[in-house]
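Here is the structure we will look at, set down as structure tokens.
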DNA sequence: ATTCAACGCTTTTTT
DNA sequence: AGCGTTGAAT
């Protein structure tokens, strides 16, 4: 085995070698904290700690998988047994065992934001709160905030003061009851319920405390109170806890994260050793100097400054643009420049503050034939038709899940609406059985039409079969395909026959494939595991370094990543810093976000802003962001230093040549990104993505602006030569 | 129960 | 501008 201390600087070494007891590692951006974390885990295993006794919390599932791989490279396949996951995934794993202790079924459903909102709306109506006067989203945010602070409805009521608090309390109480009745937990419950169990049930606590010998937490500055309590409970009583983080990179306070967790770690754990990592291995001196100048304007941060021995590097460019389209061309120009310097597409990232900004950038990149991949934004699993199909699976797995059942019953339309479901629910309540089981008794339910009875019974049989077969080990792909067939979803979309319907059906078929892929993986854990993965998948989990494409994403999603070339866009007042972040604290968080963006760049950094930008219906005038003024003049490229407005780099018309076939190991099917095509039915379109090994192409059509996935080999479609 | 049209709201960031 | 929700009509 290679020496675990190879190539580490003294503080990194110390962190890896730290013995038992609490450890705080203040790790600046690019200071090699991932290295320290993985080496430390490898060393623990090397010293005899069983891998399954190590809990390593990372910010994304992808980071967890990477950590496991890296450790496996050092200590071998035993690393498979390490618990490396996000807080949410770890809690689900615990809850699959312990949920009954908290009064939930083992197969509890996980409600996402959409399910939550549905249920909250219903609760508001029941509480006589008009969803038009009070935004359900606002209530949801209040509830989420309460849960992140470990306040249940009763505790929240204690803290309530204003009238709007009281309204929120009433809805919160009813919502909690609703979740319980559905055998469901929302995202926040996953953490809160686990914490409550660990703190309130000594048997449960003992089980897990003896299980984990070491707890390591990455991105500790972004933990919220529940997460703090979880860590504390799981690490007790030995307190072998290692927290790694950087107070300058706290960007999730709006989600309940509290930087005090990291600032006060040594107070929470008085025996803690604290180690600071300040040598940066990522960026040039210029980038670090600019980033430091920006972030040191914040008050209340731990004083520190990153340094590097890698030299100054090139200056930072600021490009002023007329509008968002010129900005797009400027971005393309910078990409072209980076490629000419030897970067590959995947070395380049474009950041923005809000997801909505990606639209204009995408338009330009498509037109110029620059391959890109957007991280975040609307997700596959959140598409309505996909959620319909998932609803069947969830209802099959958890017969108490009324929200999912109701959704399944409504898609496709089969003459069963809220009225019929209410009768079904009443019957289930009277017989004291889960609503899913009541389907089998449809014949006995009064007030239903014969057709409705038949429909309910049929869905009931389908769900029962799904459950039986998935338990019986039928491949997931076949189970999902059967739902697609027997639910009538496939037929209804086929009959509809519109472009729209065809696209939706493609998505559903894609989901069948996804289920097959999941079923083929090593950690496949049946239907429950599949649904769990779907629910807990983060945008950042989908970042694909090997995609051979420029990465477009929000700065939030860029946390933890690095790129040779970073282009940060939309540096405008009101957008970044965002107009909703007007309090001093919020402004400091915006500045930290800016800092995070700056420090993702290894070599080349460009900042752009537009003088006007389309919003809502009209067009807003924009002023350059105050953050631009916080960048020291002597780190900026000369042409910008005088404060003059510079023209964006012009983009040559042969920009399409930028995507060099062969340079990336990108499949070379008949179609490539940016190709103009003509489809027999849909007319003209532009290829905006090539999926899989090239058999699937994503095309946006000019006729109706819709995106469709098409089979490259089969679709009646040809490329227009250009 | 389903379909269609008018209305109003959105855009902060996400597990 | 676009989308989703709501309300009225069938």
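In our numbering, the protein residues as written are 18 to 739.
We put the CB at the ideal spot given by N, CA and C, even for glycine.
Keep in mind that this is a model prediction, so the values were computed, not measured.
- Around the beta carbon of residue 332, 16 or more other beta carbons lie within 10 angstroms, which makes this residue buried.
- Listed in chain order, the alpha helix (DSSP H) elements of length 4 or more contained wholly in the stretch 585 to 646 are 601 to 615 and 643 to 646.
- Listed in chain order, the non-local C-beta contacts of residue 128 below 6 Å within the same chain comprise 201 and 203, local neighbours out to five positions each way being set aside.
- Taking the Cα of residue 445 as reference, the smallest distance to any Cα among 472, 431, 416 and 432 is reached at 416.
- Shown here, residue 184 sits in a helix according to DSSP, grouped into three states.
- In the three-state reduction of the DSSP assignment, residue 102 falls in the strand class, which pools E and B.
- Considering only 207, 38 and 188, the residue with the shortest C-alpha distance to residue 111 is 207.
- Here DSSP, grouped into helix, strand and coil, assigns residue 203 to strand.
- Selection 355, 636, 551 and 534 evaluated against residue 620 yields 355 as nearest (Cα-Cα).
- For residue 693, the beta-bridge partners assigned by DSSP are 703.
- DSSP places residue 231 in the strand class (E or B) of the three-state scheme.
- In the three-state DSSP reduction, residue 369 falls in the strand class (E or B).
- DSSP assignment within the stretch 332 to 371 yields the following whole beta strand (DSSP E) runs of 3 residues or more, N-terminal first: 334 to 338 and 365 to 369.
- Annotation: the stretch 397 to 456 contains the following complete segments of the alpha helix (DSSP H) (minimum length 4 residues), in chain order: 401 to 414, 419 to 427, 435 to 448 and 452 to 455.
- For residue 571, no alpha helix (DSSP H) segment is defined; the enclosing uninterrupted segment is the beta strand (DSSP E) at 567 to 571.
- With respect to the C-alpha of residue 440, the residue from 216, 609, 463 and 448 having the closest C-alpha is 463.
- With a beta-carbon spacing of about 6 Å, residue 469 and residue 432 fall inside the 8 Å limit used to define contacts.
- A straight-line Cα-Cα distance of about 29 Å links residue 487 and residue 95.
- For residue 270, there is no enclosing beta strand (DSSP E), since its DSSP letter is neither H nor E.
- Counting C-beta pairs closer than 8 Å gives fewer than three between the stretch 76 to 94 and the stretch 240 to 260, which falls short of the contact rule.
- Boundaries for residue 161: no beta strand (DSSP E) harbours it, while the alpha helix (DSSP H) harbouring it runs 153 to 165, taken from the DSSP string.
- In this structure, the beta-carbon distance from residue 608 to residue 318 does not fall below 8 Å.
- Beyond the five residues adjoining it in sequence on each side, residue 624 comes within less than 6 Å, by CB distance, of 335, 585 and 588 in the same chain, given in chain order.
- Between residue 532 and residue 483, the gap from beta carbon to beta carbon reaches 8 Å or more.
- Comparing alpha-carbon positions, the option among 257, 485, 567 and 527 lying closest to residue 389 turns out to be 567.
- Membership of residue 487 in any beta strand (DSSP E) is not indicated; the residue belongs instead to the alpha helix (DSSP H) covering 467 to 488.
- With respect to the C-alpha of residue 188, the residue from 606, 475, 544 and 146 having the closest C-alpha is 146.
- Residue 71 has 231 as its beta-bridge partners, per DSSP.
- Taking the C-beta atoms as reference points, residue 262 is found nearer than 8 Å to residue 279.
- Residue 66 is positioned such that its CB atom lies no closer than 8 Å to that of residue 53.
- In the DSSP assignment, residue 258 is bridged to 232.
- In the three-state reduction of the DSSP assignment, residue 510 falls in the helix class.
- In terms of Cβ geometry, residue 214 and residue 119 form a close pair [threshold 8 Å].
- Where residue 375 is concerned, there is no enclosing beta strand (DSSP E), although the alpha helix (DSSP H) around it starts and stops at 375 to 385.
- Cβ-Cβ distances below 7 Å link residue 652 to 303, 306, 307, 332 and 333 in the same chain, with the five nearest sequence neighbours on each side left out; the list follows chain order.
- CA-to-CA, the gap between residue 326 and residue 298 works out to about 8 Å.
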